[in-house]
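Convert by adding 196 to the 1-based position in the sequence shown; the result is the number in this note's numbering. Quick reminder that beta carbons are idealized off the backbone N, C-alpha and C, glycines included. As the structure is a computational prediction, the values presented were derived from the model and not from experiment. Okay, structure first, notes after.
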Amino acid sequence: MRTPVFIGHEIFRHSSYGRWHPLRVPRVSTVMDLARALGWLPASQFITSPRAKPAALVNWHTADYIDALQRVQASQTATSMDRERHDIGSVTNPVFPEIFSRPATAAGGSILAGELLCHQGIVYNPAGGTHHGMPDRANGFCYLNDPVLAMLSLRHQGVRRIAYVDIDAHHPDGVEVGFAGDPECLMISVHEARLWPRSGPIENDGGGNAFNLPVPRGFNDSEMALVRDALILPKVAAFRPDAIVLLCGADGLEEDPLSHMMLSNNAQLDVLRGLMGLAPRLLVLGGGGYNPWSVGRLWTQVWGVLNGLSAPDVLPEAAEQVLRKLRFDGNRRGKNPPEHWFTTLRDAHRPGPVGDEVRQSVRTLAARGLPG
């Protein structure tokens, strides 16, 4: 498999966590619609995501937890035990009509990606990236942990050395639980310091294979460029992975309501460009992102980069209409969105000073040895 593959599903168009939940906004469907409006997503490159079966999910999650998710979906009611043991039905992890089928579809896409990457290639599953999910409980909007399941799927195909790079604003605590101490897995996370789940301090090496870089509020494009060139790309290249899994969250963008970073979408795309070619297999997942315009504009460009395509300076009418139809109710940014959110995909660059804290942290991690 050489031509990049996009894994998607219509379930993400019609499913929502609830009227006021951060994941009420359309994300995957926006990317599908924009990519098609641009002529970037022919049927030959699109695969409808399968729904993962319970037998595949219990490769990492507990059977009791998977049973609970299915039962709650059927009854649309979480018991006190579901909340206490599995955190199902909490404010952050609410009961909604597709509480099992939606995350199982995202996980099914990531498991399939591992199978498709048996030999080589590029797969994009923007619905994936639920990196907080724990074996026996929901966590941080994540009911299942599809990055862990994807990496286990790769291992099942005989792919041993995996570099997991996470540039979401939040630390991937669930993935670290899944692969801490694994000498054949390199984990690099760039996340906002003191942001939920407040894990991933620089001192935490994940049992010897994790490089955690918490960054300050206001983290800008210039600082991400330093992190990319002095930490991420050298470590991944030196590790010589058989596969790279990149979690390309959009919540580090300046427009996102749940973080305090100041990145443009160019910063994430430049990390992706740098990683391409460093391994024969590349899986790109979505992740966080709670402003529908910033998510759609970034993740559509991710698909473009994977195919060697550049976004036009001004979007064609069909693509512009996709963006104009989006709504962001209940958020001040949704009341008066700027015109460029409708007419372009590329942000203006957001450079800035490189702070001493970032420089020192990068030096500290760059000096640390690789796993194994």
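Secondary structure of residue i, DSSP reduced to three states
i    : result
E450 : coil
E380 : coil
I363 : coil
V221 : coil
A544 : coil
P534 : coil
K431 : helix
A563 : coil
R198 : coil
V550 : coil
G235 : coil
Q272 : coil
S557 : helix
R215 : coil
V227 : helix
G568 : coil
H210 : helix
T258 : coil
R424 : helix
P250 : helix
R436 : coil
Reference residue i, options the options, closest by Cα
i    : options                   : result
A515 : P222, D229, R351 and G214 : D229
T539 : F337, V224, R220 and L234 : L234
D362 : R356, E388, T301 and L265 : E388
F202 : V319, E280 and T258       : V319
R198 : I243, A562, R529 and P476 : P476
M457 : S418, I428, A463 and R413 : R413
N390 : G402, K531 and A365       : Here residue 390 is Arg; the residue named in the question, Asn, does not match the sequence. The shortest C-alpha separation from R390 is found at A365.
P379 : A433, R523, N405 and M420 : N405
V550 : A421, E513 and V467       : A421
G403 : A426, T496, V371 and R356 : V371
V441 : R424, L474 and S557       : L474
L312 : A264, R351 and S297       : R351
L219 : R267, L308, S460 and P299 : P299
W216 : G548, F524 and A563       : F524
L443 : G485, F415 and P430       : G485
D342 : A259, C314, R232 and V254 : V254
L454 : R493, W392 and H536       : W392
V227 : V491, A563, Q556 and P547 : V491
L465 : R436, M347 and D543       : D543
Q316 : L561, P437 and C381       : P437
P567 : Q272, F407 and A259       : F407
Y261 : I243, E280 and S245       : E280
G470 : V501, T258 and P250       : V501
Q241 : Q517, V510 and N503       : N503
E399 : A563, E206 and R232       : A563
G526 : M472, G214, V344 and S418 : G214
L449 : P430, F415, R424 and E513 : F415
S297 : A259, T273, L340 and L308 : L340
E553 : G374, V423, S245 and T273 : V423
G374 : L345, A259 and I428       : L345
R232 : P430, S271, E419 and Q517 : Q517
E294 : L505, A259, T273 and P508 : T273
S349 : A252, S418 and E513       : A252
According to DSSP, residues forming a beta bridge with residue i
i    : result
G204 : T244
V467 : DSSP, once it has assigned bridges, lists no residue as partnering V467.
V441 : Y360 and L479
Residue i vs residue j beta-carbon contact at 9 angstroms
i    : j    : result
S212 : F337 : no
I384 : A439 : no
V221 : R209 : no
P331 : W256 : yes
G482 : G304 : no
S306 : N321 : yes
T326 : R247 : no
V558 : A433 : no
D278 : V268 : yes
W499 : L237 : yes
L459 : R546 : yes
I243 : G204 : yes
A463 : W495 : no
L468 : R493 : no
S347 : C314 : Per the sequence presented here, residue 347 reads as Met, with Ser not at that position. Taking 9 angstroms as the Cβ cut-off, M347 and C314 do not qualify as a contacting pair.
Any C-beta of chain B under 9 angstroms from that of residue i
i    : result
L494 : Any reference to chain B falls outside this structure, which holds one protein chain only.
Sequence ranges, beta strand (DSSP E) only - wholly within the segment 274–357, length at least 3:
Considered as a whole, the segment 274–357 harbours 317–321 as its complete beta strand (DSSP E) runs of no fewer than 3 residues, in chain order.
Let me know the beta strand (DSSP E) ranges lying completely inside the segment 373–421, each 3 residues or longer, listed in chain order.
Whole beta strand (DSSP E) segments, 3+ residues: 381–388 and 406–411.
Segments of 4+ residues assigned as alpha helix (DSSP H) that fall wholly inside the segment 454–528:
Listed in chain order, they are 461–471, 488–502 and 513–520.
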